[in-house]
Amino acid sequence: MSRTMLTGNVAAAWGARLAGIEYLPAFPITPQTEIIETISRWIETGEMDCRMTTLESEHSMVTAAGAAAAAGVRVFTATSSQGLLYGMEMLYTTAGWRAPFVLVNVSRGLSSPITLEPDHNDILAARDSGFLQLHCATCQEVLDGVLVAYRLAEDERVRLPVIVNMDGFHLSFTREPVEITDAAAAARFLPPFDPGNLGFRAGAPLSEAVAVLGGSPYSYFRYQVHLAALNAEAVFPSIAGEFHRAFGRPFPAVETYRCDDAEVVFVMMGSFATKAKAAVDRLREAGEAVGLVRPVMLRPFPSAALREALAGKRGIAVVDQNLSPGRGGVLHTEISAALQGCAGPSPVLASFVGGLGGREIASEEFCEMAAVARRAAAEGRAPEPRLLFTEAERKEMRNLQAIALARGARERRP
Amino acid sequence: MYRIRFHGRGGQGVKTASRILGTAFFLSGFEVQDAPRYGAERRGAPIFAYVRADRRPIHERGVIRDPGLVLVADETLVAISAASVLEGVGARTAFLVHSGEETQTWRDRLDLAGPVVTLPVAGPHGEGLEARYVGAACAAAAACLAGVVSLGAVEEAVREELEGLADEVIARNREHARWAYGLMEPLRGCVEPDPAHPAGPIPPPGWVELPFEDARVSAPATHAGVTSTLVKTGLWRTVRPVIEHARCRGCWWVCGSLCPDGVIGVDEAGRPWIDYDHCKGCMVCLSQCPNRAIDAIPERDARGAESAGGEK
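Protein chains in written order, with our numbering: chain E, 1 to 414; chain S, 1 to 312.
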């Protein structure tokens with residue numbers, strides 16, 4: 001096995017290629033399009049045997065993906081941001097069909113205002129759809145995540161679609177050395193799709209997702225999706241273990257970095273978490289016992305693994321690259337819930353919102369977040385949530401608003 | 001860690017330069033990260049790309065703010081603040097600019113503490129460095145200045161990154177890479193790897209509380225009209241259309257009607273004029289003018305004429 005310089009987008013395409021996908025419904029959107037361009041080129045040159053269809057929207061694209069999965073073929077698709085939201089109705093719908101396929105989302109902040117750069121509000125809008133979610137931090141993880149995602153999606157105890165998430169720009173357009181898994185080994189890890197009783201055909205019609213009234217059948221079907229997602233938490237360690245043995249690379253549900261003796265840890269998801277690793281190294285050199293806990297799997301929520309990783313920590317700085325207006329950081333809420341009622345002394349949580357719309361998080365800011373969490377632990381009281389925003393940024397906003405006449409100049413006009 | 005940033009204009013091969021250097025480092029046993037930032041995503045607009053290389057796994061991400069080496073493929077960008085060519089250039093940063101001016105002129109002009117070098121526009125044969133080879137030349141120069149990547153690795157990287165192009169194109173790029181690498185030999189290794197983190201106490205980030213402001217202020221609306229004129233998109237232009245009024249017959253304003261940016265007006269005498277602050281140099285006007293009354297001149301020459309007091 002050799003390593004090659006790949007962008008996250010091309011790594012995703014390699015994941016799909018090694019998974020032997022049979023059907024690819026597609027619609028372009030920045031910063032995802034390179035995935036589809038790469039696969040379409042391989043289809044054209046004959047390096048992949050796959051049927052590709054371009055649709056007129058992400059809504060139709062997800063519908064086609066779900067329908068093809070229900071017909072019993074292995075399906076891959078990809079989108080980003082506004083596209084994911086445009087297909088949102090069908091995310092819930094196809095998850096309800098119990099149609100297993102893999103969708104790569106390239107995270108990008110949502111309108112308004114419009115941006116191209118990453119944060120996680122797009123993927124978190126799909127949090128409750130029934131899709132499982134894997135959040136990648138490196139280009140290697142993107143390739144690996146696609147293979148793991150198919151095993152998870154197609155497992156008969158699960159049979160749900162999976163989203164593999166990567167950050168726009170920071171992974172999608174960034175090249176890193178990636179080990180391209182040997183095709184035969186990938187095929188051994190991920191054999192051809194066994195569709196079970198899926199296999200909808202024109203000659204064998206099937207009424208997918210019937211209408212129900214009265215609430216009881218609805219409760220049954222919806223709760224079955226929940227139970228299937230919980231099963232995914234149970235089966236994940238064996239799939240990840242098999243992956244580790246086959247390829248020598250771990251793919252944990254929760255990654256821990258220099259955590260064993262850490263008193264303060266960062267908790268965050270996605271590629272910005274590697275910046276936290278760099279800050280952990282810097283703080284460790286300065287003699288501070290700091291680590292990182294990174295949920296790779298967000299749905300199902302790996303509560304047990306997180307509790308284990310966070311047990312005994314004094315302060316936790318949760319860094320959310322998302323914002324639920326009127327509440328705050330989504331991950332902070334989920335970590336709080338996971339730790340509620342645990343035995344032993346409770347760590348103090350400090351909530352930070354940063355990296356919105358691709359805003360950088362500086363090394364100095366990680367160091368300050370660790371200091372805030374350490375002080376909060378000493379005082380035994382959680383600090384007020386904080387947006388990472390500096391005086392220089394406020395001045396920049398003032399300048400932009402002056403150009404836009406946002407500060408009342410309009411009223412002064414005759 | 002080596003932190004290297006390339007600046008240029010869309011179409012000058014700056015992304016390719018970063019990939020050639022990234023692959024060359026990778027072939028030399030380094031952990032590498034390379035990435036472009038596309039900016040306005042238009043030909044001629046400022047673009048940059050960056051490379052990180054280290055013996056250890058790289059956890060840093062995002063735009064390089066504290067480069068050890070900055071390479072500028074287009075000297076006209078240095079004066080354009082939006083291109084941010086000098087951002088984060090510190091006491092140890094080496095600076096290379098592709099330029100026809102003397103190195104000493106750039107040293108005096110920029111007054112930087114670190115080494116300043118030029119990649120001469122004369123090219124390997126003294127006939128002028130063609131723009132299409134500037135990327136490969138800059139990548140090779142960076143490799144030599146870092147001093148830990150062999151010329152062989154650079155040539156192999158050029159081959160890998162340009163795979164699929166004609167053999168002749170690859171050969172010419174490799175020739176330019178050899179030329180630039182050789183030129184930098186006297187300065188070989190002047191760019192040293194920087195530590196993972198700056199030494200000394202960690203400065204506070206300078207956070208502020210963001211106060212509530214009512215929606216009349218805080219909604220993302222632009223109340224001012226025609227703010228787009230504030231963005232001088234003419235800076236993206238590499239070729240300038242010039243109307244030769246002696247040949248213009250004052251037709252029904254074909255040039256202005258077909259201009260995709262609406263930057264050709266007509267004066268009271270019926271003569272067309274071009275708003276060079278916003279003309280992006282697409283040359284649609286030149287190709288459509290029924291009387292062939294529009295010429296194209298390189299922007300470099302046009303600006304040279306302006307600064308020499310010529311016609312604006």
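No residue lacks a Cβ here, since even glycine has one placed at the ideal position from N, Cα and C.
Tell me which same chain residues have a C-beta within less than 6 Å of the C-beta of residue i, skipping the five on either side of it?
{"i": "Cys-248(S)", "result": "Ala-293"}
{"i": "Ala-305(E)", "result": "Ala-253 and Val-254"}
{"i": "Gly-83(E)", "result": "Ile-29 and Glu-58"}
{"i": "Phe-95(S)", "result": "Val-70, Leu-112 and Val-116"}
{"i": "Gln-339(S)", "result": "Nothing can be reported for residue 339(S), as the shown portion of chain S is limited to 1 through 312."}
{"i": "Asp-155(E)", "result": "Val-235"}
{"i": "Ala-53(S)", "result": "Tyr-2, Phe-25, Phe-30 and Val-32"}
Smallest Cα separation from residue i: which of the options?
{"i": "Glu-288(E)", "options": "Ala-305(E), Ile-39(E) and Arg-314(E)", "result": "Arg-314(E)"}
{"i": "Gly-10(S)", "options": "Arg-37(S), Ile-4(S), Val-134(S) and Arg-43(S)", "result": "Arg-43(S)"}
{"i": "Pro-192(E)", "options": "Ala-65(E), Lys-395(E), Ala-19(E) and Ala-13(E)", "result": "Ala-19(E)"}
{"i": "Ile-39(E)", "options": "Trp-14(E), Ile-163(E), His-59(E) and Thr-30(E)", "result": "Trp-14(E)"}
{"i": "Thr-390(E)", "options": "Arg-381(E), Ala-377(E) and Glu-368(E)", "result": "Glu-368(E)"}
{"i": "Ala-24(S)", "options": "Ile-47(S), Ala-45(S) and Val-51(S)", "result": "Val-51(S)"}
{"i": "Glu-89(E)", "options": "Arg-175(E), Gly-66(E), Val-73(E) and Phe-200(E)", "result": "Gly-66(E)"}
{"i": "Leu-213(E)", "options": "Leu-147(E), Pro-31(E) and Phe-221(E)", "result": "Phe-221(E)"}
{"i": "Met-5(E)", "options": "Thr-222(S), Tyr-2(S), Ser-28(S) and Gln-12(S)", "result": "Ser-28(S)"}
{"i": "Ala-17(S)", "options": "Glu-41(S), Ile-47(S), Gly-39(S) and Trp-253(S)", "result": "Ile-47(S)"}
{"i": "Phe-366(E)", "options": "Leu-24(E), Asp-182(E), Asn-9(E) and Ala-273(E)", "result": "Ala-273(E)"}
{"i": "Pro-113(E)", "options": "Cys-139(E), Ser-81(E) and Thr-138(E)", "result": "Ser-81(E)"}
{"i": "His-245(S)", "options": "Tyr-38(S), Asp-74(S) and Trp-273(S)", "result": "Trp-273(S)"}
{"i": "Arg-271(S)", "options": "Pro-186(S), Trp-253(S) and Glu-101(S)", "result": "Trp-253(S)"}
{"i": "Ala-99(E)", "options": "Leu-143(E), Pro-195(E) and Leu-171(E)", "result": "Pro-195(E)"}
{"i": "Ala-240(E)", "options": "Asn-197(E), Phe-189(E) and Tyr-257(E)", "result": "Phe-189(E)"}
{"i": "Gly-100(S)", "options": "Gly-128(S), Leu-187(S) and Glu-209(S)", "result": "Gly-128(S)"}
{"i": "Ala-323(S)", "options": "His-7(S), Arg-178(S) and Leu-183(S)", "result": "Outside the displayed range of chain S (1 to 312) lies residue 323(S), so it cannot be described from this structure."}
{"i": "Thr-238(S)", "options": "Gly-281(S), Val-266(S), His-125(S) and Gly-123(S)", "result": "Gly-281(S)"}
{"i": "Leu-183(S)", "options": "Pro-193(S), Leu-151(S), Ala-196(S) and Ala-269(S)", "result": "Leu-151(S)"}
Give the C-beta separation of residue i and residue j to the nearest angstrom, bearing in mind that I take them to be a contact with Cβ-Cβ under 8 Å.
{"i": "Ala-26(E)", "j": "Leu-85(E)", "result": "Their Cβ separation, rounded to whole angstroms, is 17 Å, which puts Ala-26(E) and Leu-85(E) out of contact at 8 Å."}
{"i": "Ile-123(E)", "j": "Ser-111(E)", "result": "At roughly 15 Å, the Cβ-Cβ gap does not stay under 8 Å, so Ile-123(E) and Ser-111(E) are not in contact."}
{"i": "Val-97(S)", "j": "Val-78(S)", "result": "7 Å"}
{"i": "Val-280(E)", "j": "Val-290(E)", "result": "5 Å"}
{"i": "His-244(E)", "j": "Phe-236(E)", "result": "Actually they do not touch by this definition, with Cβ atoms about 12 Å apart."}
{"i": "Ser-271(E)", "j": "Asp-167(E)", "result": "4 Å"}
So what does residue i bridge to, in DSSP terms?
{"i": "Pro-36(S)", "result": "Ala-49(S)"}
{"i": "Ile-274(S)", "result": "Ile-264(S)"}
{"i": "Trp-207(S)", "result": "Thr-390(E)"}
{"i": "Ala-204(E)", "result": "Arg-201(E)"}
{"i": "Gln-133(E)", "result": "Ile-163(E) and Arg-299(E)"}
{"i": "Gly-328(E)", "result": "Ser-324(E)"}
{"i": "Val-265(E)", "result": "Gly-291(E) and Ile-316(E)"}
{"i": "Phe-221(E)", "result": "The partner list for Phe-221(E) (beta bridge, DSSP) is empty, contrary to what the question assumes."}
{"i": "Ile-4(S)", "result": "Val-51(S) and Leu-69(S)"}
Only counting the same chain, and skipping five residues up and downstream in sequence, which positions put a Cβ closer than 7 Å to that of residue i?
{"i": "Arg-413(E)", "result": "Because the pLDDT of Arg-413(E) is 45, which lies under 50, any placement of that residue in the model is unreliable, and the question is left without a value."}
{"i": "Gly-199(E)", "result": "Ala-71 and Gly-72"}
{"i": "Leu-91(E)", "result": "Val-62, Ala-126, Ser-129 and Phe-131"}
{"i": "Asn-173(S)", "result": "Tyr-133, Ala-136, Val-158 and Leu-162"}
{"i": "Ser-207(E)", "result": "none"}
{"i": "Ala-149(E)", "result": "Val-102, Leu-134, Val-162 and Val-164"}
{"i": "Gly-87(E)", "result": "Glu-58, His-59, Met-61, Val-62 and Thr-79"}
{"i": "Arg-327(E)", "result": "Thr-333"}
{"i": "Ala-278(E)", "result": "Ser-363"}
{"i": "Leu-405(E)", "result": "none"}
By Cβ distance, which residues of its chain are closer than 8 Å to residue i, with the 5 residues on each side in sequence left out?
{"i": "Asn-291(S)", "result": "Arg-247, Cys-248, Arg-249 and Cys-251"}
{"i": "Ile-335(E)", "result": "Val-267, Leu-306, Leu-310, Ile-316, Val-318 and Leu-349"}
{"i": "Leu-147(E)", "result": "Gly-15, Leu-18, Ala-19, Thr-181, Ala-186, Phe-189, Leu-190 and Phe-243"}
{"i": "Arg-188(S)", "result": "Cys-144, Leu-145 and Gly-147"}
{"i": "Pro-298(S)", "result": "Thr-238, Val-239 and Arg-240"}
Report the neighbours of residue i on chain C: residues whose CB is nearer than 7 Å to its CB, in chain order.
{"i": "His-170(E)", "result": "Of the chains in the structure shown, none is chain C; the protein chains are E and S."}
(request) Take every Cβ of the stretch 154-163 of chain S, pair it with every Cβ of the stretch 197-206 of chain S, and state whether three or more of those distances are shorter than 8 Å. (result) No contact exists between the stretch 154-163 of chain S and the stretch 197-206 of chain S.
(request) Would you check if there are 3 or more beta carbon pairs closer than 8 Å linking the stretch 166-181 of chain S to the stretch 29-38 of chain S? (result) Verdict: no, contact absent.
(message) Across the stretch 82-102 of chain S and the stretch 50-57 of chain S, are there enough close Cβ pairs to call them in contact, namely three or more that are closer than 8 Å?
(response) They do not touch, by the three-pair rule.
(request) Please confirm if the stretch 294-305 of chain E is in contact with the stretch 351-359 of chain E, defined as three or more CB-CB distances below 8 Å between the two stretches. (result) no
(message) Contact between the stretch 186-202 of chain S and the stretch 379-388 of chain E is defined here as three or more beta-carbon pairs at a separation below 8 Å; is this criterion met?
(response) no
(request) Please confirm if the stretch 181-188 of chain E is in contact with the stretch 46-56 of chain E, defined as three or more CB-CB distances below 8 Å between the two stretches. (result) no
(request) Say whether the stretch 274-282 of chain S touches the stretch 220-237 of chain S, bearing in mind that this needs 3 or more beta-carbon pairs closer than 8 Å, one atom from each stretch. (result) yes
(message) Pairs of beta-carbons, one from the stretch 65-75 of chain S and one from the stretch 136-147 of chain S, closer than 8 Å: are there three or more?
(response) Note that the stretch 65-75 of chain S touches the stretch 136-147 of chain S; at least 3 beta-carbon pairs, one per stretch, sit closer than 8 Å.
(message) Could you check whether the stretch 112-120 of chain S touches the stretch 391-405 of chain E, counting it as contact only if at least three pairs of C-beta atoms, one from each stretch, sit closer than 8 Å?
(response) no
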